[in-house]
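Right, one structure below, let's go through it.
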């Protein structure tokens with residue numbers, strides 16, 4: 008699967024997102040590029056953002072997901088107030104809806120697990136890791152997002 012080219016942790020992470028996470032999120036109904044993906048509801052936008060830890064080594068990257076829901080009216084207002092920001096930056100600048108780290112919606116024994124981070128090591132196969140992340144989105148993030156979109 009991987010050529011002889013040596014990749015650093017950033018490249019390997021980007022490769023996993025582009026080849027596994029992004030297509031998997033699109034299969035779940037999201038659209039987007041890079042590390043931000045949205046899903047449409049009748050009156051709301053839902054978003055999943057892949058966030059990389061600020062500290063990383065040459066051999067590994069830690070990452071998590073942040074999820075959120077914003078009404079379309081709030082989204083339009085953000086673009087009106089900050090038209091000079093790209094759409095994703097406008098929402099990030101002042102998020103007015105519901106947002107949460109993925110660990111706050113993943114429950115074990117009826118309790119949220121809190122922080123949830125994954126680690127990707129350079130050169131190691133990442134298909135199982137990507138499946139685990141996508142399963143977490145399907146089983147925990149989407150239901151929480153839909154609950155807030157329907158409220």
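Numbering (this note's numbering), first residue to last: 8 to 158. Ideal Cβ placement from N, Cα and C applies to all residues, glycine included. These numbers were taken from a predicted model, which means no experiment stands behind them.
Look at residue i and residue j and say whether their C-beta atoms are less than 9 Å apart.
{"i": "residue 139", "j": "residue 67", "result": "no"}
{"i": "residue 111", "j": "residue 121", "result": "yes"}
{"i": "residue 144", "j": "residue 32", "result": "yes"}
{"i": "residue 24", "j": "residue 52", "result": "no"}
{"i": "residue 35", "j": "residue 149", "result": "yes"}
How would you call residue i, buried or exposed, if buried means at least 16 neighbouring beta carbons within 10 angstroms?
{"i": "residue 54", "result": "buried"}
{"i": "residue 97", "result": "With a pLDDT of 44 at residue 97, under the threshold of 50, the modelled position of this residue cannot be trusted; read the value that follows with caution. Result: buried."}
{"i": "residue 16", "result": "buried"}
{"i": "residue 38", "result": "exposed"}
{"i": "residue 118", "result": "exposed"}
{"i": "residue 100", "result": "Confidence at residue 100 is low in this model, with a pLDDT of 45, below 50, so the placement of that residue is unreliable and no value is reported for it."}
{"i": "residue 61", "result": "exposed"}
{"i": "residue 56", "result": "buried"}
{"i": "residue 65", "result": "exposed"}
{"i": "residue 29", "result": "buried"}
Which same chain residues end up closer than 6 Å to residue i when comparing Cβ atoms and leaving out the 5 residues on each side of it in sequence?
{"i": "residue 27", "result": "137"}
{"i": "residue 132", "result": "none"}
{"i": "residue 147", "result": "112, 113"}
{"i": "residue 19", "result": "129"}
{"i": "residue 44", "result": "32, 37, 55"}
Grab me the residues of residue i's own chain with a C-beta within less than 8 Å of its C-beta, minus the 5 sequence neighbours each way, in chain order.
{"i": "residue 125", "result": "69, 70, 71, 136, 139, 140"}
{"i": "residue 107", "result": "73, 74, 75, 151"}
Leaving out the 5 sequence neighbours to the left and right, which residues in its chain are closer than 7 Å to residue i when beta-carbon positions are compared?
{"i": "residue 78", "result": "50, 51, 104"}
Indicate whether the contact test is met: 3 or more Cβ pairs, each with one atom in the region 33–51 and one in the region 150–158, closer than 8 Å. yes
Let me know the beta strand (DSSP E) ranges lying completely inside the region 24–61, each 3 residues or longer, listed in chain order. 38–40, 43–47, 51–59
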